[in-house]
Amino acid sequence: MKKENKKQKIMFFLGKGGVGKSTTSSLFAVESAMKGEKVLLASMDPAHNLGDIFEKKLTGKPTAFEDSLSVAEINMDYWVDSYLEDMQKQMTKSYAYLTALSLDKHFEIIRYSPGIEEYALLRSFSFFVRKYTSFDRIIFDMPPTGLTLKFLSLPKLSQIWLEKLVDLRNEIIKKKEIVTKIKFGKKEIERDKLLNKLNTQLDEYSEAREILEDTNRTELVLVMNQDKLSLAESKLIIEKLKFSELKISRVFINKFKVDIPVEELEKQFGDYQIRLYPLYKESITGLENLKSYLSENQFV
Ligand SMILES: Nc1ncnc2c1ncn2[C@@H]1O[C@H](COP(=O)(O)OP(=O)(O)O)[C@@H](O)[C@H]1O
Ligand SMILES: [Mg+2]
């Protein structure tokens, strides 16, 4: 697997369902491509709709629309499977007796247990930034708020957990060494497999965390409308992101109507770069319509 391209820009579009994450992330992708960047737009929402916006059937592999614009819909089932397969392999290797316990049945249940989706998303994220290094920018169209926040906090949470597990393992190793000394009169130091595995995982999560927290590289875009519900959810998102030490950098106000004052929003979101996306008479679909919306509203 390739190394990540540290110059590549990464964006996440988040916000309440229906505010226009898919529409504005598509518009932003087309705009960046028109301005000369090579862009990859990828949907992480299991209920994809980039295919509807670009009027083409999409898959987990990028489909090129123009030299500078490719679009993908990340297949969550594939990444859940890949995660579970790895876990199963590691467990059977480490604990041979588990094969007798019919692991398959347990994994069928784990597949539907809470927490799996964010691991799958994190895997797909790490894969995308390592595999698609030739793009100047990768834009992720995110799932509903709950899952997005879990995904964004996962690297930090896992890091905290793993650090505790590494401490615990080190204590166990120390005790084992004392016992070995008493039994054999000499210290037999064998590299601890479990400790190695924990450290590898720790490295992976630290790498993901570094990318997410790198404000020169990664931007979180909060999409909202001018209604109370999306405003409330936006405040919640900003609050919850504090745990992950992540900050929104831009606020996109979509379906904007000129007759509604923006002063209130500017007061609330003055710290962020605000952009207004006017309400269009209908859904903005098809590359040509996305382009004409951008030029009509002087984005390009
Ligand atoms: N600026 C806009 N003007 C008109 N319709 C819009 C605009 N932005 C989004 N929509 C419509 O609103 C609905 C929800 O938008 P979508 O981008 O799918 O939201 P999300 O991805 O946040 O769930 C869609 O029917 C979409 O076509
Ligand atoms: Mg969407």
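Our numbering numbers the first residue of the sequence shown as 1104 and each following residue consecutively.
From the three backbone atoms N, C-alpha and C, an ideal C-beta is built for every residue, glycine too.
Keep in mind it's a predicted model, so treat the numbers as computed, not measured.
Residue burial annotation: TYR1215 is exposed, with fewer than 16 other C-beta atoms found within 10 angstroms of its C-beta. For ASN1357, the distance from the CB to the nearest heavy atom of ligand 1 is below 6 Å.
In the three-state scheme derived from DSSP, where H, G and I count as helix and E and B as strand, VAL1361 is classed as coil. Nearest C-alpha to ASN1319 among LYS1112, ASP1148, LYS1106 and GLU1107: LYS1112.
Bounds of the alpha helix (DSSP H) holding VAL1133 are 1124-1137.
Boundaries of the alpha helix (DSSP H) harbouring ASP1306: 1296-1316, taken from the DSSP string.
For VAL1403, there is no enclosing beta strand (DSSP E), since its DSSP letter is neither H nor E. For the pair ILE1356 and LEU1323, the CB atoms are not nearer than the 7 Å cut-off. Going by DSSP, SER1227 is part of the alpha helix (DSSP H) stretching over 1219-1234.
Here the alpha carbon of LEU1130 sits roughly 11 Å from the alpha carbon of ASN1400. DSSP links SER1146 through a beta bridge to GLU1176 and ASP1244. Using a cutoff of 6 Å, the CB of LYS1279 does not count as near ligand 1, since none of the ligand's heavy atoms is closer than that. The continuous stretches of alpha helix (DSSP H) do not include ILE1113, which lies in the beta strand (DSSP E) extending over residues 1112-1117. Less than 7 Å divides the Cβ of LYS1141 from the Cβ of ASP1239. Annotation: LYS1300 to SER1125 spans about 38 Å, alpha carbon to alpha carbon.
CA-CA distance, LEU1161 to ILE1177, rounds to 9 Å. DSSP, read as helix, strand or coil, puts ILE1351 in strand.
Here ILE1363 has GLN1329 as same chain residues with Cβ atoms under 8 Å from its own Cβ, once five neighbours each way along the sequence are excluded. Approximately 7 Å separates the beta-carbon atoms of PHE1228 and ALA1311; this is inside 8 Å, confirming the contact.
Taking all protein chains in view, the Cβ of GLY1118 is crowded by 16 or more other Cβ atoms within 10 Å, so the residue is classified as buried. In the structure shown, TYR1375 falls within a coil segment according to DSSP collapsed to helix, strand and coil. In the three-state reduction of the DSSP assignment, TYR1215 falls in the coil class, being assigned neither a helical nor a strand state.
Under DSSP, ILE1356 shares a beta bridge with MET1327 and LEU1379. Cβ atoms of LEU1224 and PHE1254 come within 8 Å of each other, at about 5 Å.
Ranked by how close their Cα comes to the Cα of LYS1234, the residues LYS1109, GLN1376, ASP1374 and LYS1360 have LYS1109 in first place.
Taken atom to atom, the span from the alpha-carbon of MET1137 to that of PHE1157 is near 16 Å.
Counted as a single uninterrupted DSSP element, the stretch harbouring GLU1140 is not any beta strand (DSSP E), since DSSP gives it neither H nor E. The residue from LEU1252, VAL1183, MET1147 and ASN1302 with its alpha-carbon nearest to that of ASN1273 is ASN1302. Beta-bridge analysis with DSSP links GLU1169 to LEU1172. Per DSSP, the unbroken alpha helix (DSSP H) holding ILE1156 starts and ends at 1153-1156.
As computed with DSSP, THR1321 is found in a beta bridge with ILE1113. In this structure, the alpha-carbon of GLY1123 lies about 46 Å from that of LYS1196.
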